[in-house]
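Protein chains in written order, with this note's numbering: chain S, 69 to 816; chain X, 9 to 273.
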């Protein structure tokens, strides 16, 4: 078998830490100058005013201080606030904004994730209106929220958290209520007068409440004249109580404003997001609160996932500098010596651990940005799909669900054709399905329904673990306020990122359902072939390892969906989270690694077109490929472990007392067998000694002939790990040579 | 009176980067220079901010940035610069570093400006007096010579236009003093020191408007060969001299007095 790379072959090394040109190619926005400018603009705010505030101790207070408040105009001036709006609403970016929002979150979190959350929360407040609001609501609130000269920017908060006093989202358990405060007479209704609602709600840990001018709040119906729950818009000038509440004593994300507000307000029914109709003397909201929230969170969660990715990548430069400079200044270490030049980088453990952080950061960023791009693709399709279905009299809810489910067959047919060589596809049929908006929507939607929770779950969960590694690689320095790059703040903050907008269990729960969608699974099978193809021309990425791991995962899923445990209970079922959740975890590893490999493939393909990269592209690509290989192997290891635990872990171990055990051969039997057929005794696993005494162990070794396929796949996967440690050694060598800036570009 | 203001500006490596001279085949360069993030040369940046300020005061004025730099690097730098003020771009795709020959650079810039074919009576050519790469301090004079402009001001900190079209120019001279000259009218070349203006904040809307014009110009950047015209014996970084004394609770006045005394030595 040929080695993927020869260890003796001289390889180009990484010359500088990947810059904007590289990132634009990896994340596919090199042609989007609007986004490139947004990045520069946000970066100037993050590494300027935000970093200065953190460095001066701005995080050490729960209150929304004037210094924190001074960041808001900075966001406005830099275009961060307006980035969410379309040009006609006062924004400057055309088309879907998911990727733009992801870039903003990434850049701000590079310095402080609380600052990123503050910006994100404004968009979160507007998101229900943007996704489901009436045209009038969209026009009013999006325009008011776009900064403009001569008027105050209207800022919002999103209020869902229920029930108090605990903190966390439980969409199905709303505590706030909407009641009818005034019902107009028939004449008044005919004249256009609206019902007046009395909205009462208490929030907890509500972001932006220190300054929000309006709130989009989820409330249940508290009146038989209101048919369902809904989301309503409350303005600070509305009649009633708009109490911002006391600041939440949170320990993280201190540059975002959070408090526990109380609302008791009267608002016209037109404040119901998405509008309402009156049927049989009842207000019928066009959207209940959960359908609005679902549309909102599936997009905003991506940005949260990318915050943690950003922090991991932001830790690289300060860590390299710390490791290199560790012994400089000591009289005993003279310039020119390896100890002076390399410091702690002389130790392999240091470089290898840093590489693992770097690889995790790259993989999670690739996954997050791939998901954001997917939503940008999905948004226009979703609108067209809704219009097409509406034209057929299908208006959302269960009717839409059923209509889309019927189209899954065609979606799978398309994906099957896509997996074949172009010359083998039935062209006309393939073209027809490719142009069918609903079919394409079904495919993208199925993918997004997995990628979004995967980004939120894996980026923040595993990212949190790796952020702790980053802090530990700084030694004692890491847990001081002086630590360059604010690493300890970033580590603490990851816990909130893993929690808010749906904690890890919520994401696992969602994935456990969406990852069994046959459309997604058809897509996933294509991805296995895709990885094999990448491996065929670029074996150094670990794509083949990953493909083997993907195959093991899907075999295991198929098996678990049919198999039963030793007690005869079905394994893959909704409330058996010991089975479903680990499978979701395993899938996340695969998705992140795949996204990382595809990004590096793109860099290798498109990089040569940029003359600015001519000097160091080879070394950069080689280094990033080595990181891919490391990450693919790590992912494969995780998948193998999880799948093995699930496949074997629900079978009972055989015991010596089982009936079949009577067939164990005695020592005398073995001697006889050996006399007849020399060597045959070696085929007997179990023996029984004198007096029927068995070997000292739990029972006969477990043998599962029905799982031979699994065992083969697993053995193949383990062999596929070949070369990844060599990749790690090579990347470690690069790490000791890479040139880093003379100083960090933000204060500490 | 509206002006046609042309600002000459090249690129410099981001000042926070590690800058290590290395000997290339033809001339010295910086280690990994093309991989390093760049900025618009800070001296030229001051000139650009002053140009925008002057243009604002004289409606109808136009600001053009004429830049000799590798096109791909320039594009990245423009993602920031273009957000700061409105301008048009004339791009020359060529080498730009601390080891370029000032004469060749001045010639290329002068020819590019001449090609715009502006009526010279309202042309002001701005640029940096120095450069953050390796300032020879002569490029702007050469540009002036190429364009046939006789009024050249160096180390400019301020321009004040008077009624009638004349303008006062404040130039730095020895001893921390300024020399004020009155120039009867454009055309003139002003090589700027730092000026008095802060860096304008980023404004993406301005950037978007600029880029619609800038991107096509960038695509049409003229390939420009700039010969070195000279040989370098060696290149090294200036030696760092660091004399740090940590003081606590010392009044600002006392610190200023000490610094002033040190400067006089």
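In this text, a Cβ means the ideal position worked out from N, Cα and C, and glycines have one as well.
Note that this is a predicted model, so its numbers are computed, not measured.
For the set S:699, S:763, S:304, the Cα lying nearest the Cα of residue 724 of chain S is the one of S:763. Within chain X, 212 have C-beta atoms less than 8 Å from the C-beta of residue 106 of chain S, given in sequence order. The beta carbon of residue 126 of chain S sits closer than 8 Å to the beta carbons of 133, 135, 136, 322, 323 from its chain, once the five residues preceding and following it are set aside; these are given in chain order.
With its beta carbon less than 8 Å from one in chain X, residue 678 of chain S belongs to the interface. The beta carbon of residue 162 of chain X lies closer than 7 Å to those of 137, 179, 199 in the same chain, with the five residues before and after it left out. With a minimum length of 3 residues, there is no unbroken run of beta strand (DSSP E) contained wholly in the segment 735-792 of chain S. For residue 384 of chain S, no beta strand (DSSP E) run applies; the uninterrupted alpha helix (DSSP H) run containing it begins and ends at 384-393, by DSSP. Residue 78 of chain X and residue 101 of chain X do touch by the CB rule: their CB atoms are close to 7 Å apart, below 8 Å.
According to DSSP, residue pairing for residue 180 of chain X in a beta bridge involves X:186. In the DSSP assignment, residue 290 of chain S falls outside any beta strand (DSSP E), carrying neither H nor E.
Per DSSP, the continuous alpha helix (DSSP H) segment holding residue 538 of chain S begins and ends at 528-540. Put simply, the backbone Cα of residue 657 of chain S is about 41 Å away from that of residue 227 of chain X. Within chain X, the residues 40, 42, 43 have their CB atoms less than 9 Å from the CB of residue 684 of chain S, given in chain order. Identification of chain X residues near residue 89 of chain S by a Cβ-Cβ cut-off of 8 Å yields 80, 84, ordered along the chain. DSSP lists X:46 as the beta-bridge partner residues of residue 21 of chain X.
In the DSSP assignment, residue 596 of chain S falls within the unbroken alpha helix (DSSP H) covering 586-605. Residues of the segment 187-207 of chain X with a Cβ closer than 9 Å to any Cβ of chain S: none. Boundaries of the beta strand (DSSP E) harbouring residue 308 of chain S: 307-315, taken from the DSSP string. Closer than 8 Å to the CB of residue 801 of chain S there is not a single CB belonging to chain X.
Counting only Cβ-Cβ distances below 9 Å, residue 498 of chain S has no contacts in chain X at all, with the closest Cβ about 36 Å away.
In this structure, residue 284 of chain S sits near residue 301 of chain S, with a CB-CB distance shorter than 8 Å. Beyond the five residues adjoining it in sequence on each side, residue 674 of chain S comes within less than 7 Å, by CB distance, of 93 in the same chain, given in chain order. Looking at the backbone, the Cα of residue 75 of chain X and that of residue 99 of chain X are separated by about 5 Å.
Under the Cβ distance rule, residue 815 of chain S does not count among the residues neighbouring chain X, no pair being separated by less than 8 Å. DSSP places residue 105 of chain S in the helix class (H, G or I) of the three-state scheme.
Taking C-beta atoms as the reference points, residue 351 of chain S and residue 337 of chain S count as a pair closer than 8 Å. Of the candidates S:514, S:574, S:152, the residue whose Cα lies closest to the Cα of residue 240 of chain S is S:574.
Taking 8 Å as the CB threshold, residue 227 of chain X stays off the interface with chain S. Under DSSP, the beta-bridge partners assigned to residue 36 of chain X are X:31. Per DSSP, residue 298 of chain S lies in no alpha helix (DSSP H) segment; the continuous beta strand (DSSP E) that holds it begins and ends at 298-303.
Of all C-beta pairs linking the segment 205-215 of chain S to the segment 477-490 of chain S, fewer than three are shorter than 8 Å, placing the two stretches out of contact. Here residue 84 of chain X is buried. Its C-beta has 16 or more other C-beta atoms within 10 Å. Going by beta carbons, residue 663 of chain S and residue 435 of chain S fall inside the 8 Å limit. Considering only S:542, S:280, S:739, S:217, the residue with the shortest C-alpha distance to residue 194 of chain S is S:280. In this structure, residue 333 of chain S places its C-beta atom within 8 Å of the C-beta atom of residue 267 of chain S.
If you look at residue 688 of chain S, you'll find it in the alpha helix (DSSP H) that goes 685-717.
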